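Engineer: Each protein sequence line maps, in turn, to chains A and B. The numbering of the first sequence is the working numbering, which starts it at 1 and goes up by one. The numbering of the second sequence is the working numbering, which starts it at 251 and goes up by one. Each residue gets a CB set at the ideal place from its N, CA and C atoms; glycine is no exception. Every value quoted in this text rests on a predicted model; they were computed, and no experiment measured them.
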Amino acid sequence: MLNVKNLNVWFGLVPDRVNAVKNVEFNVTAGESFGLVGESGSGKSTILRAIAGLIPTWSGDITVDGKALKTDRRDRAFFKTVQMVFQDPYASLHPRHSVDAVLAETLRLQGMDNIDSRITKLLDDVGLGKGFRFRYPHQLSGGQRQRVAIARALAAEPRLLLLDEPTSALDVSVQAEILNLLADLRGEHGLTYVMVSHDLSVVGHMCDRLAVMQHGRIVEVMSVDALRSGAGEQEYTRHLITASGGYQPA
Amino acid sequence: MSNTLSRRDWLLSDAPQTRRQARLGAIYQGWLTFRANKLAMVGLIILVLLIGMAIFAPWIAPQNPYAQDLGSRLQPPSAAHWLGTDGLGRDIMSRLIHGSRITLFIVGTVALIAPIIGLFIGTVAGFAGGWVDQVLMRITDIFLAFPKLILALAFVAALGPSIGNAVLALALTAWPPYARLARAETLTIRHADFIAAARLQGAGRLRLLIGHIWPLCVSSLIVRVALDMAGIILSAAGLGFLGLGAQPPMPEWGAMISDGRTYILDFWWVAAMPGLAIFTVSIAFNLLGDGLRDVLDPKGDKS
Chain A
1 MLNVKNLNVW FGLVPDRVNA VKNVEFNVTA GESFGLVGES GSGKSTILRA IAGLIPTWSG
61 DITVDGKALK TDRRDRAFFK TVQMVFQDPY ASLHPRHSVD AVLAETLRLQ GMDNIDSRIT
121 KLLDDVGLGK GFRFRYPHQL SGGQRQRVAI ARALAAEPRL LLLDEPTSAL DVSVQAEILN
181 LLADLRGEHG LTYVMVSHDL SVVGHMCDRL AVMQHGRIVE VMSVDALRSG AGEQEYTRHL
241 ITASGGYQPA
Chain B
251 MSNTLSRRDW LLSDAPQTRR QARLGAIYQG WLTFRANKLA MVGLIILVLL IGMAIFAPWI
311 APQNPYAQDL GSRLQPPSAA HWLGTDGLGR DIMSRLIHGS RITLFIVGTV ALIAPIIGLF
371 IGTVAGFAGG WVDQVLMRIT DIFLAFPKLI LALAFVAALG PSIGNAVLAL ALTAWPPYAR
431 LARAETLTIR HADFIAAARL QGAGRLRLLI GHIWPLCVSS LIVRVALDMA GIILSAAGLG
491 FLGLGAQPPM PEWGAMISDG RTYILDFWWV AAMPGLAIFT VSIAFNLLGD GLRDVLDPKG
551 DKS
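(1) For the alpha helix (DSSP H) holding B:Asn415, just list the boundary residues, first then last.
(2) Taking the alpha carbon of B:Ser263 as the point to measure from, which residue in A:Leu154, A:Glu165, A:Phe134 has its own alpha carbon closest?
(3) Going along chain B, which residues have a C-beta under 9 Å from A:Phe86?
(4) My guess is that A:Gly12 and A:Val18 are in contact by the Cβ rule of under 8 Å, so how many angstroms apart are they, rounded?
(5) Taking B:Pro465 as the query, report the chain A residues whose CB atoms sit under 7 Å from its CB, ordered along the chain.
(6) Just list the beta strand (DSSP E) runs in the segment 50-138 of chain A, keeping only unbroken ones of 3 residues or longer that don't cross its boundaries, in chain order.
(7) Pair every Cβ in the segment 309-323 of chain B with every Cβ in the segment 336-350 of chain B, then say whether three or more of these pairs are closer than 8 Å.
(8) Is the shortest distance between the beta-carbon of A:Phe11 and the beta-carbons of chain B less than 8 Å?
(9) By the DSSP assignment, the alpha helix (DSSP H) with B:Asn536 in it spans what residues?
(10) Determine which residues of the segment 37-58 of chain A have a Cβ less than 9 Å from any Cβ of chain B, and write them out in chain order.
(11) Residue range of the beta strand (DSSP E) that A:Leu163 falls in?
(12) Listing by chain order, which chain B residues have their CB less than 9 Å from the CB of A:Arg135?
(13) Given this structure, state the Cα-to-Cα distance separating A:Asp16 from A:Trp58, to the nearest angstrom.
(14) To the nearest angstrom, how far is it from the Cα of A:Leu179 to the Cα of A:Ser168?
(15) If you count every other CB in all the chains shown that lies within 10 Å of the CB of B:Gln325, and 16 or more means buried, which is it?
(16) Report yes or no: is there a C-beta of chain E within less than 8 Å of the C-beta of A:Thr167?
(17) Between B:Gln497 and the rest of its own chain, which residues show a CB-CB distance below 7 Å, the 5 nearest in sequence each way excluded?
(18) Identify, in the order they occur along the chain, each residue of the same chain with its Cβ nearer than 6 Å to the Cβ of B:Pro426, setting aside the five sequence neighbours on each side.
(19) Against chain A, does B:His348 count as a neighbour if the rule is that its beta carbon must be under 8 Å from one of theirs?
(20) Which same chain residues end up closer than 6 Å to A:Gly53 when comparing Cβ atoms and leaving out the 5 residues on each side of it in sequence?
(21) By how many angstroms is the C-alpha of B:His331 removed from the C-alpha of B:Trp464?
(22) To the nearest angstrom, how far is the alpha carbon of B:Ser508 from that of B:Thr423?
(23) Using the beta-carbon of each residue, which ones in chain A are nearer than 7 Å to B:Ala432?
(24) Does the beta carbon of B:Gly368 fall short of 7 Å from some heavy atom of the ligand GTP?
(25) Residues in its own chain within less than 6 Å of B:Ala429 by CB, not counting five upstream and five downstream?
(26) Under 9 Å, CB to CB, which of the residues in the segment 116-140 of chain A have a partner in chain B?
(27) Contact check, A:Lys130 vs A:Leu123 under 8 Å by CB: the rounded distance?
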């Protein structure tokens, strides 16, 4: 479904150039849920944004569904295959567009028909009733906003969903709701996920395999079972797993 | 009673059922915020009166604003002439009432042209970035570097003195601040996630600009325009005062002050009455702008 090879992403021009991602390589097969974990600034989100076409400064090969992506342009077929859910639901919805306007515009852009019934269905899918249809973002809570953002991503009926820390801006009880929703949607629609998170327990709950990142490189690709048993091959992975255990009294 | 109460509930509903209800609800919410600002309401009432005055000028004005009566020139305010008469014996109140049409025409046209030019140039510059941004902003800088009134004077001198040219000159000199403002707003939102999300749905640049960026820039522009209205009226009056705006015998307020200058020490009301009118309208626009800022500022507590 998604192949990434020799991916390098950088920001800025030569004297101040920052290499955010260096020679990253991973494969995600269809139907799989793949996690990218690592500390802040390790380049996880940058990889997603490069795949989505939001960062033009990258080199290497990214293939989605067998088709190689161009550096800066994405075509209509790409937008129908790949969608993204952003980290901060407070920033990812236009403050002056109602839920209805957001979804209607998205559906129209994706060339869908029966917009009215599709909106109802989408809201239903993400667990928001009809009552939410004409609300503005300021009339929604953080979790409800993220549900709207997920509905927007699903509007195109994509097969690959890029999830950029979809729950880190939400409080704990809402996090669980959103994660369960994402897990359910994956089952219903047969979606492939690439999920970025700094939270190992979230990745452990959601993913089949994961890549551990540090300083823009992938340190190790491992299965979730290995993560659960705490068996990292690399020093850094074991360090990360220990750290995520939280405070342990001596 | 219960009917009005339920209508209020319908408007303020947290879960609107239709597109129309949601939009009306948002407008009503804004109106409530605006109404809470007493001074802004005063400004609004003055402006509504001004507009009414302009519309019904021929019926309200007690006399013909152009009718001269040299026998009763420079009369002080009295029962016959509430605000006195000017150097040619014309009734000042009638002239003020008819002059409100000219004032509104000037303000309305400038307020329509300048922000639209500014919005367009500013958002395109901010959104496109790169050399487009550089070129557009340097042009803006050049316009900003001239003193506004001098530039307007130069335009009017080149085009010939008339009210239309005065409006055009004011509009052409008033847009750069709006362009700056719109560009600054655009820069803060162009990398926002909701823009990225729309781009991921295949939205083109034009759609992003008009559908996503303009709605967020317009509100701060409206506030800015309302606050600048006073300045526009004063500039127009200044041009009229210098003889480059409205031509006699048009009852433009600035030109009326200019007429009164000759008699200002002995017959104060000739210059003071139009001055008072300009002052009142300017203040009204300032108060309105203040209230609009409460309602429209996207950085307020609403979003």
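Structural biologist: This is what the structure gives:
(1) Start at 1 with the first residue of the second sequence, and residue 415 of chain B comes out as number 165. Counting along the chain, the alpha helix (DSSP H) containing B:Asn415 begins and ends at 413-439.
(2) Here residue 263 of chain B refers to the residue found at position 13 when the second sequence is read from its first residue. For B:Ser263, the nearest C-alpha among the options comes from A:Phe134.
(3) By one-based count along the first sequence, residue 86 of chain A stands at place 86. Within chain B, the C-beta atoms nearer than 9 Å to that of A:Phe86 come from Asp443, Phe444, Ala446, Ala447, in chain order.
(4) Here residue 12 of chain A refers to the residue found at position 12 of the first sequence. Here residue 18 of chain A refers to the residue found at position 18 of the first sequence. The beta carbons of A:Gly12 and A:Val18 sit about 6 Å from each other, so the pair counts as a contact at 8 Å.
(5) Indexing the second sequence from 1 puts residue 465 of chain B at position 215. Listed along the chain, the chain A residues whose CB falls inside 7 Å of the CB of B:Pro465 are Arg96.
(6) Counting only unbroken stretches of 3 or more residues, the beta strand (DSSP E) elements lying wholly within the segment 50-138 of chain A are 58-64, 82-85, in sequence order.
(7) Cβ pair count under 8 Å is three or more, so yes.
(8) As a first step, residue 11 of chain A must be located in the first sequence, where it is residue number 11. Interface criterion not met: the Cβ of A:Phe11 is under 8 Å from no Cβ in chain B.
(9) For the purposes of this step, residue 536 of chain B is taken as residue 286 along the second sequence, with counting starting at 1. Note, B:Asn536: alpha helix (DSSP H), 519-546.
(10) Taking 9 Å as the Cβ-Cβ cut-off against chain B, the residues of the segment 37-58 of chain A that qualify are Arg49, Ala52, Gly53, Leu54.
(11) The residue labelled residue 163 of chain A in the question sits at position 163 within the first sequence. It spans 160-164 - the beta strand (DSSP E) in which A:Leu163 sits, taken as one unbroken run.
(12) In the first sequence, the residue the question calls residue 135 of chain A occupies position 135. At a beta-carbon threshold of 9 Å, the residues of chain B lying near A:Arg135 are Asp264, Ala265, Pro266, Ala272, ordered along the chain.
(13) Numbered from 1 along the first sequence, position 16 holds the residue referred to as residue 16 of chain A. Numbered from 1 along the first sequence, position 58 holds the residue referred to as residue 58 of chain A. Roughly 16 Å between the two C-alpha positions.
(14) Here residue 179 of chain A refers to the residue found at position 179 of the first sequence. Here residue 168 of chain A refers to the residue found at position 168 of the first sequence. Spanning the alpha carbons of A:Leu179 and A:Ser168 requires a straight line of approximately 11 Å.
(15) Numbered from its first residue, the second sequence carries residue 325 of chain B at position 75. Flag for B:Gln325 reads buried.
(16) Reference to chain E is not applicable here, since the protein chains of this structure are A and B.
(17) Within the second sequence, numbered from 1, the residue matching residue 497 of chain B stands at position 247. Pro411, Ser412.
(18) As a working mapping, residue 426 of chain B is identified with position 176 in the second sequence. Contacts found: Thr390, Phe393, Leu394.
(19) Sequence index remark: in the second sequence, residue 348 of chain B carries index 98 (1-based). Taking Cβ atoms only, chain A never reaches closer than 8 Å to B:His348, which makes this a no.
(20) Residue mapping note: residue 53 of chain A aligns to position 53 of the first sequence, counting from 1. Close CB contacts of A:Gly53 within its chain, under the 6 Å cut and outside five residues either way in sequence, are with Arg74 (chain order).
(21) Along the second sequence, one-based indexing puts residue 464 of chain B at 214. Along the second sequence, one-based indexing puts residue 331 of chain B at 81. Cα to Cα, B:Trp464 sits roughly 49 Å from B:His331.
(22) Counting from one through the second sequence, the residue named residue 508 of chain B turns up at place 258. Counting from one through the second sequence, the residue named residue 423 of chain B turns up at place 173. Note on geometry: alpha-carbon atoms of B:Ser508 and B:Thr423 lie some 23 Å from one another.
(23) What you label residue 432 of chain B is simply residue 182 of the second sequence in a count that begins at 1. Chain A residues near B:Ala432: none, gap ~16 Å exceeds 7 Å.
(24) Among the components modelled here there is no ligand, and therefore nothing to report on the ligand GTP.
(25) Reading the second sequence from its first residue, position 179 is the one you call residue 429 of chain B. Cβ neighbours of B:Ala429 beyond the five flanking positions: Gly368, Ile371, Gly372, Thr390.
(26) Using a CB distance below 9 Å, the part of the segment 116-140 of chain A facing chain B consists of Gly129, Lys130, Gly131, Phe132, Arg133, Phe134, Arg135, Tyr136, Pro137, His138, Gln139, ordered along the chain.
(27) Taking the first sequence and counting its residues from 1, one reaches residue 130 of chain A at position 130. Taking the first sequence and counting its residues from 1, one reaches residue 123 of chain A at position 123. With a Cβ gap of about 7 Å, A:Lys130 and A:Leu123 count as contacting.
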